[in-house]
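Participant:
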Amino acid sequence: MPAITLIEAVTMALEHEMKQDEEVVLLGEDVGVNGGVFRATAGLQDKFGKDRVIDTPLAESMIAGLAIGMAAQGMKPVAEIQFMGFIFPAVDQLFCHGARMRHRTRGRITLPMVIRAPFGGGIHAPEHHSESTEALFAHIPGLKVVVPSNPSRAYGLMLAAIRDPDPVIFLEPKRVYRIVKHEVEDNGEAYPLEACFVDREGTDITLISWGAMMHETLQAADKLAEGGISAEVIDVATVSPIDMDTILESVAKTGRAMIVQEAPKSGALGSEIAAEIAEKGLMHLLAPIGRVSGYDTVMPYYKLEKQYLPTVDRILEEARNLMEYQ
Amino acid sequence: MPAITLIEAVTMALEHEMKQDEEVVLLGEDVGVNGGVFRATAGLQDKFGKDRVIDTPLAESMIAGLAIGMAAQGMKPVAEIQFMGFIFPAVDQLFCHGARMRHRTRGRITLPMVIRAPFGGGIHAPEHHSESTEALFAHIPGLKVVVPSNPSRAYGLMLAAIRDPDPVIFLEPKRVYRIVKHEVEDNGEAYPLEACFVDREGTDITLISWGAMMHETLQAADKLAEGGISAEVIDVATVSPIDMDTILESVAKTGRAMIVQEAPKSGALGSEIAAEIAEKGLMHLLAPIGRVSGYDTVMPYYKLEKQYLPTVDRILEEARNLMEYQ
Amino acid sequence: MTTVASFEIKHRQFLDANGKPVSKKLPDFAKDTELLRSLYADMMRLRVFDAKAYALQRTGNMGTYPASLGQEAIGIGYGSVMTKEDVLIPYYRSTGGLLKHGVTMEEILLYWGGNEAGSDYSVAREDFPICVPIANQCLHATGVATAIKMRGQKRAVVTEIGEGGTSEGDFYEGINVAGIWNLGVVFVINNNKWAISVPSEIQTACDTYAQKAISAGIEGIQVDGNDIIAMREVSDYALDKARNGGGATLIEAVSYRLCDHTTADDASRYRDKEEVEKGWQEEPVLRLRKYLESQKAWSDKDEDKLKEELAAEIEQAVENYRNTPVPPPEAMFDNLYAELPDSVRQQRQAAIKRGAQ
Amino acid sequence: MTTVASFEIKHRQFLDANGKPVSKKLPDFAKDTELLRSLYADMMRLRVFDAKAYALQRTGNMGTYPASLGQEAIGIGYGSVMTKEDVLIPYYRSTGGLLKHGVTMEEILLYWGGNEAGSDYSVAREDFPICVPIANQCLHATGVATAIKMRGQKRAVVTEIGEGGTSEGDFYEGINVAGIWNLGVVFVINNNKWAISVPSEIQTACDTYAQKAISAGIEGIQVDGNDIIAMREVSDYALDKARNGGGATLIEAVSYRLCDHTTADDASRYRDKEEVEKGWQEEPVLRLRKYLESQKAWSDKDEDKLKEELAAEIEQAVENYRNTPVPPPEAMFDNLYAELPDSVRQQRQAAIKRGAQ
Ligand SMILES: Cc1ncc(C[n+]2csc(CCOP(=O)(O)OP(=O)(O)O)c2C)c(N)n1
Ligand SMILES: Cc1ncc(C[n+]2csc(CCOP(=O)(O)OP(=O)(O)O)c2C)c(N)n1
Ligand SMILES: [Mg+2]
Ligand SMILES: [Mg+2]
């Protein structure tokens, strides 16, 4: 079993599900011959033909609208938005229709569709290519929002997303598309949605993250361990709806919670997690709830993106502050 | 000085500023002859002509894009989106350009523009007419988001929004457009943005709200007072960026914080406020941070909207829970 | 300069405003008097239903409602050539099309009465719910048609939009992809001249809306939308084409909104009386009646009988509507997802408890 | 059926692929050899600059860059008739237009080098920064033109978009409102046949992109975008019209993308060699050179001299670019709002502290 990257795991899951279920079709800009600008759909048009791997015209509202129409007919479209920064023309379709078709028709029309988009900073990309706006989607009831942090999860969660009978926004942390490899068996086993992953058990502090920032968070946990601090590390994975039970259980044990996210701090997912802890786990808290975030400013052009993105050092600093809190 | 409603105060502020500053122009669907579907611009086309009160074609992305182009040339467009539920086609323009033009051009091009939209439930409106999605806008750095809760504030904050050199999203709680009247002097005095209003001082618990829900919150405070509970009530007003200092000061005094909002609970503004309190005011907390919210589901068709919207009773129940918390 | 492309837009009309044929060659179906009588009845049905819906709103028994007054030939026209297998993607003023395609009066009242049950169509199960946000339904139509095409089915997809709605990007994105993929979609523009208070001149610099088809490389036809014979003929052509791989058609149905935009609107604020009076002289129901009368195919007695039948039918629908209980609080949650997440399940419980109080 | 509207799309070309005039009547300006030589120099300048930018990216000294190879006549064409007062609303492949309108090479390099200073144009202060999200710049152009019109100014607004970009709703919304309000906007479509890997057939069922103008009731003209004389002539006409209340024009400039989409792309994955070779036979720079040579207005010596001058100019720009320091961390905050809110001020302080570490 060869080790594969996160993006290869996405491809493997797409291929697996396309073989399994002929209702699964891929669509998007450049997903066909080119195999996607990040190569997530590389080779799939050759394997499944132009009818199942569809290069669309250049229009994101249209891509989302097409997916809605196709899904309403029982197909399972997996649509790619080339970068999350270009998803905005599609949000009208996703928020006004995608998220609520089942609800408004009392279950008569349902939308088993997936919207994939690479997101996040750190690859020296041009303007509008590096944002993390998952919180916008997570606030919309009726959508599920999933962010895999590593190859195994990309595979298992993508299968789950495609099989889910409701619309799933699947956000791929492009900075870590190729930085780690896992041995992933192509066994068709989906991971559950709406379940956090406890990646490391610990007793002193709970570090909560998702997507690319999991990598810095895990590194920080290593360093904390060197200093005798035992961090529990949770990968939220499905960022909406969030499995708060796992998080609250962990905080009950450690008494300290810190969220690490790439997005601007204000009104982000970290705020929601902190608010839930403050509502339901306050009695366990030995320290304020920490948030290590991108800043509340526009994602800068790439020369400053390193200054913008949370680092292992920032995580360590904040974690130590919380540990020292009296 | 006659007493006027919230929507009349909006009109008065628009008229005041149009007289003062000829760069101010209004645009939107039905804002001209018809004076807006809620009559916010009633009479203004007669007074200022078709060049300054412009009926646009029916396209929200276009309205936002026009406003951006006009503002870039130094005009001060105040654009109406007919209902907040129809703002989604415009978010691409607002998020990708409106929010960041000053930033990306290092201040060379700035956008003194306002986007107005009525929002919220409670008026038995059709589908898509009753949502509260202010949190989406509040998460975007570079935008300011303002929600007046009563006539005086509508007047003073609208003046401030128009005069602000940066884009302001001005959300008008339509359920309370006409339910209270204030004597508002047309004196051209703006209220500061980024400042909360402490509407009632109290010592036992801080109730934090904005927009239409301020009315239920104030009623709840009255009832709490009858039961001997002294609630401090804060109207956030500018919901992004939030004046957390005022809120934290209050919580430091009362030791209890509760947020009342109409939006779905998860990932809403209330989460951000709670998270900030949990980070910076934890040591003062005598109880968990309460959130009384709309539910995490699609805004239902109007037969159930009363079941959806937070009520005075729900606020009281939660406030009492927090008071009794040990 | 050399000419590299040229285009023409055609207009279709059979009956003039007084119900007189403008040409000798009426389509074959127009010889079928029974059919024409039934089309007349359908238009009347819609008109009477609209009036009832208005009354319900005015008496506080229903929410905002958009009537089709003066535009009845459009929805009844395309609706009359739809098969059960075809799919309708309506906008809020598609009541005629919905009724013709099997959606019940009761469902339509429930929808505008604020109850999701109204979107759970008992008959036209694949039709989309009424689309309130302008223009984005156009893209659903292309998506449905894509699925139909991929599966090799012979089904047409019909979607309707107001002339104001053509200013939205989604409209163009829809016709564009329908052109590229040769999708079996019929886009019907209800050009009723007004978008709430905004007149058509503010929506386009074009002489026709049909010419917008040229930007998508599809066929565009302008039709007198107050002439049910023309409306049916052009729709029949376009749907047939759609079912048989001939691709998309854009139909501009020229009509006039004789009513307010909705019950929440007061058109007298922005429209001249004279214009509306002129509109009444062109309206589709009387036009067909005059033609039928000229053919000795309609009498006052027929009219009375029809009105009586319609009144009874509508009364029954209204009664069913009014007897439908308000949904329980848990209905807010029960179709959010196939399976409700734990966190939301707690909110559901709380809502039930509060609802019972 | 009666015909209610008809349209034609015209095509403009003066020089064939070999630089031979296709008609005897060249526009007046084409007699001005100095002008043609300067246009040639401008196109070469862009080409050499592009090559340098590519090299910078390949050597890790700059981020992603989209070249204009083969499409030089477009930006240089419309740029050459813009006045200082006109406004350019560029997309990412408008380097030619930007350079002609006074944006410096250094600024362009800074932009693609990830530094906002590159969008703080020293000369063309009212031009918009480069637009990366496809098509939404079209609406900025209409907004700028609205302000210009309201103020009674005689200034044209030019915006450029790729042929793929015309599939986005914002493009249509833009041309539509420009038609309605008779705005002085020139929309230039760079039809380079490809949108990354997606060929033009997937973007439209139309024979021309120029005909999309018909949907907006504005004039649409197709021009050979590899023929700088035609490109300049049509642009001159359109800008003049725009400045003088004549309204908007849609120009489809037919060209070919000889390069990869950007430095991040590998076009050999999806394009045939032969197609690219054919493209090389049509390209604009050699075409004009051949014409100039046929007029005895260009020699190998001129060419060598030009290349030398360009090399020096570009070298200087690159040096300035490379000597520009990385902005300090506080630059992330300093233009967020006119005045930084308190909450963000704390973050700014923290960022400065961390940056210093
Ligand atoms: C995206 C969006 N914007 C605005 C509205 C508010 N609105 C409802 S109907 C209407 C006018 C529509 O006019 P038209 O498209 O001509 O259709 P008609 O109502 O005349 O049939 C407007 C602006 C909406 N429903 N959706
Ligand atoms: C809204 C949006 N969607 C997708 C992209 C990604 N993207 C960048 S360039 C491009 C192709 C554009 O092709 P075209 O419009 O023909 O312009 P060209 O690059 O050929 O000049 C795409 C899909 C984007 N920048 N913006
Ligand atoms: Mg209309
Ligand atoms: Mg192109």
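Protein chains in written order, with our numbering: chain A, 1 to 326; chain B, 1 to 326; chain C, 1 to 357; chain D, 1 to 357. Glycine included, every Cβ here is placed at the ideal spot set by N, Cα and C.
(1) I'd like to confirm the pairing. Which residues does DSSP put opposite D/I368 in its beta bridges?
(2) Show which residues of chain B have a CB atom less than 8 Å away from the CB atom of A/C96.
(3) Please find out if some non-hydrogen atom of ligand 1 comes closer than 7 Å to the beta-carbon of C/V123.
(4) Ordered along the chain, which non-local residues of its own chain (more than five positions away) have a Cβ less than 7 Å from that of A/G281?
(5) Which one or two residues does DSSP pair with D/Q222 in a beta bridge?
(6) If you run the structure through DSSP and keep just helix, strand and coil, what is A/M258?
(7) For B/R100, does the three-state DSSP call read helix, strand or coil?
(8) Taking the Cβ atom as the reference point for each residue, do A/I169 and A/I208 lie within a distance shorter than 8 Å?
(9) Using CA coordinates, which residue listed in B/I179, B/T246, B/S240 is at the minimum distance from B/E216?
(10) Smallest Cα separation from C/Y65: which of C/D42, C/T95, C/E163, C/M43?
(11) By how many angstroms is the C-alpha of C/M231 removed from the C-alpha of C/H101?
(12) Tell me whether the beta-carbon of B/L58 lies closer than 8 Å to the beta-carbon of C/E168.
(13) Return yes when at least one heavy atom of ligand 2 lies under 7 Å from the C-beta of C/H11, else no.
(14) Nearest-angstrom Cα distance between B/A319 and B/R200?
(15) Scan the region 317-341 of chain C for residues whose Cβ lies nearer than 7 Å to a Cβ of chain B and list them as they occur along the chain.
(16) Is any non-hydrogen atom of ligand 4 found closer than 7 Å to the C-beta of D/R271, if you look at the structure I gave you?
(17) Beta-carbon of A/S240 versus every beta-carbon of chain B: anything under 8 Å?
(18) Can you pull the chain B residues whose beta carbon is under 8 Å from the beta carbon of D/H101, in chain order?
(19) According to the neighbour-count rule (16 or more other Cβ atoms, all chains shown, within 10 Å of its Cβ), is D/K193 buried or exposed?
(20) Does the beta carbon of D/G63 sit closer than 8 Å to a beta carbon anywhere in chain B?
(21) Taking a Cβ distance cut-off of 9 Å, strictly less, list which residues of the region 161-172 of chain C are near chain E, in chain order.
(22) Hey, is D/I189's beta-carbon within less than 8 Å of any beta-carbon in chain B?
(23) With distances taken Cα to Cα, identify the nearest neighbour of B/A190 among B/A13, B/P2, B/L143, B/M1.
(24) Taking buried to mean at least 16 other C-beta atoms within 10 Å of its own C-beta, is A/A231 buried or exposed?
(25) Give the DSSP-derived three-state secondary structure of B/S293 in the structure shown.
(26) Between the Cα of D/V254 and the Cα atoms of D/K84, D/T208, D/E126, which residue gives the shortest distance?
(27) Is C/A205 near D/A135, with beta carbons less than 8 Å apart?
(28) Using a C-beta to C-beta distance shorter than 8 Å, which residues of chain D count as neighbours of B/H103?
(29) Below 7 Å CB to CB, which residues in the same chain sit around D/V285 once its five sequence neighbours on both sides are set aside?
(30) Just how far apart, CA to CA, sit B/F197 and B/A237?
(31) Exposed or buried, which one is D/D32 when buried takes at least 16 other CB atoms within 10 Å?
(32) Give me the Cβ distance between C/A141 and C/G174, rounded to the nearest whole Å; I'm assuming they're in contact under 8 Å.
(33) According to a CB-to-CB cut-off of less than 9 Å, which residues of the region 180-207 of chain D neighbour chain C?
(34) Report all residues for which the CB-ligand distance to some heavy atom of ligand 3 is below 7 Å; order them along the chain.
(35) What does the alpha-carbon distance come out to for the pair B/S266 and B/R256?
(36) I want to verify the contact list: residues of chain B whose CB lies under 8 Å from the CB of A/L136, in sequence order.
Facilitator: Here's the rundown:
(1) In this structure chain D extends from 1 to 357, so residue 368 of chain D is not present and cannot be described.
(2) What you label residue 96 of chain A is simply residue 96 of the first sequence in a count that begins at 1. Those are G85, F88, H128, listed as they occur along chain B.
(3) Walking along the third sequence from the start, residue 123 of chain C turns up at place 123. C/V123: no, Cβ never under 7 Å from ligand 1.
(4) For the purposes of this step, residue 281 of chain A is identified with residue 281 of the first sequence, where counting begins at 1. So the list reads L248, V251, A252, once near-sequence residues are dropped.
(5) Taking the fourth sequence and counting its residues from 1, the one referred to as residue 222 of chain D is at position 222. Answer is D/H11, D/E252.
(6) Counting from one through the first sequence, the residue named residue 258 of chain A turns up at place 258. It is a strand residue.
(7) Stepping through the second sequence from its first residue, residue 100 of chain B is reached at position 100. Correct three-state label for B/R100: coil.
(8) In the first sequence, the residue the question calls residue 169 of chain A occupies position 169. In the first sequence, the residue the question calls residue 208 of chain A occupies position 208. For A/I169 and A/I208, no; Cβs fall outside 8 Å.
(9) Translated into positions along the second sequence, residue 216 of chain B becomes position 216. When only C-alpha atoms are compared, the closest one is B/I179.
(10) Locating residue 65 of chain C in the third sequence gives position 65, where the first residue counts as 1. Selected option, being the one with the closest Cα: C/T95.
(11) Within the third sequence, residue 101 of chain C is the residue found at index 101, counting from 1. Within the third sequence, residue 231 of chain C is the residue found at index 231, counting from 1. C/H101 and C/M231: Cα-Cα distance of roughly 16 Å.
(12) Position 58 of the second sequence, counted from the first residue, corresponds to residue 58 of chain B. Position 168 of the third sequence, counted from the first residue, corresponds to residue 168 of chain C. It is a contact, given that the beta carbons lie within the stated cut-off.
(13) Here residue 11 of chain C refers to the residue found at position 11 of the third sequence. C/H11 Cβ: outside cutoff for every heavy atom of ligand 2.
(14) What you label residue 319 of chain B is simply residue 319 of the second sequence in a count that begins at 1. What you label residue 200 of chain B is simply residue 200 of the second sequence in a count that begins at 1. Roughly 16 Å between the two C-alpha positions.
(15) V326, P327, P329, A331, M332, F333, L336
(16) As a position in the fourth sequence, residue 271 of chain D is number 271, starting the count at 1. D/R271: no, Cβ never under 7 Å from ligand 4.
(17) By one-based count along the first sequence, residue 240 of chain A stands at place 240. Taking Cβ atoms only, chain B reaches closer than 8 Å to A/S240, which makes this a yes.
(18) Position 101 of the fourth sequence, counted from the start, is the residue given in the question as residue 101 of chain D. Those do not exist, as D/H101 stays about 14 Å from chain B at its closest Cβ, beyond 8 Å.
(19) For this step, residue 193 of chain D is matched to residue 193 along the fourth sequence. The residue is buried, with at least 16 neighbouring Cβ atoms inside 10 Å.
(20) Sequence index remark: in the fourth sequence, residue 63 of chain D carries index 63 (1-based). Cβ-Cβ to chain B under 8 Å: no for D/G63.
(21) Annotation note: the requested chain E is absent from the structure, which comprises protein chains A, B, C and D.
(22) For the purposes of this step, residue 189 of chain D is taken as the residue at position 189 of the fourth sequence. No, its Cβ sits nowhere closer than 8 Å to a Cβ of chain B.
(23) Here residue 190 of chain B corresponds to residue number 190 of the second sequence, with the count starting at 1. Here the closest residue by C-alpha is B/A13.
(24) Here residue 231 of chain A refers to the residue found at position 231 of the first sequence. A/A231 comes out buried.
(25) For the purposes of this step, residue 293 of chain B is taken as residue 293 along the second sequence, with counting starting at 1. Strand.
(26) For this step, residue 254 of chain D is matched to residue 254 along the fourth sequence. If we check each option's Cα against that of D/V254, D/T208 comes out closest.
(27) Position 205 of the third sequence, counted from the first residue, corresponds to residue 205 of chain C. Position 135 of the fourth sequence, counted from the first residue, corresponds to residue 135 of chain D. No, the Cβ-Cβ distance between C/A205 and D/A135 is not below 8 Å.
(28) Here the question's residue 103 of chain B lines up with position 103 in the second sequence. Simply E116, N335, L336.
(29) To locate residue 285 of chain D, count along the fourth sequence from 1; it is residue 285. Within the same chain, D/V285 has close Cβ partners M43, M44, R47, E72.
(30) As a working note, residue 197 of chain B is residue 197 in the second sequence. As a working note, residue 237 of chain B is residue 237 in the second sequence. If I take the Cα positions, the gap works out to 7 Å.
(31) For the purposes of this step, residue 32 of chain D is taken as the residue at position 32 of the fourth sequence. Exposed: under 16 other Cβ atoms inside 10 Å.
(32) Along the third sequence, read from residue 1 onward, the residue named residue 141 of chain C stands at position 141. Along the third sequence, read from residue 1 onward, the residue named residue 174 of chain C stands at position 174. Going by Cβ atoms, the distance from C/A141 to C/G174 rounds to 7 Å, so yes, they are a contact pair.
(33) I180, W181, N182, E201, I202, Q203, T204, A205, C206, D207
(34) C/G162, C/E163, C/G164, C/N190, C/N191, C/N192, C/K193, C/W194, C/A195, C/R257
(35) On the second sequence, position 266 is the one that residue 266 of chain B refers to. On the second sequence, position 256 is the one that residue 256 of chain B refers to. Going from the Cα of B/S266 to the Cα of B/R256 covers about 21 Å.
(36) What you label residue 136 of chain A is simply residue 136 of the first sequence in a count that begins at 1. Ordered by position in chain B, the residues that pass the 8 Å Cβ test against A/L136 are L136, H139.
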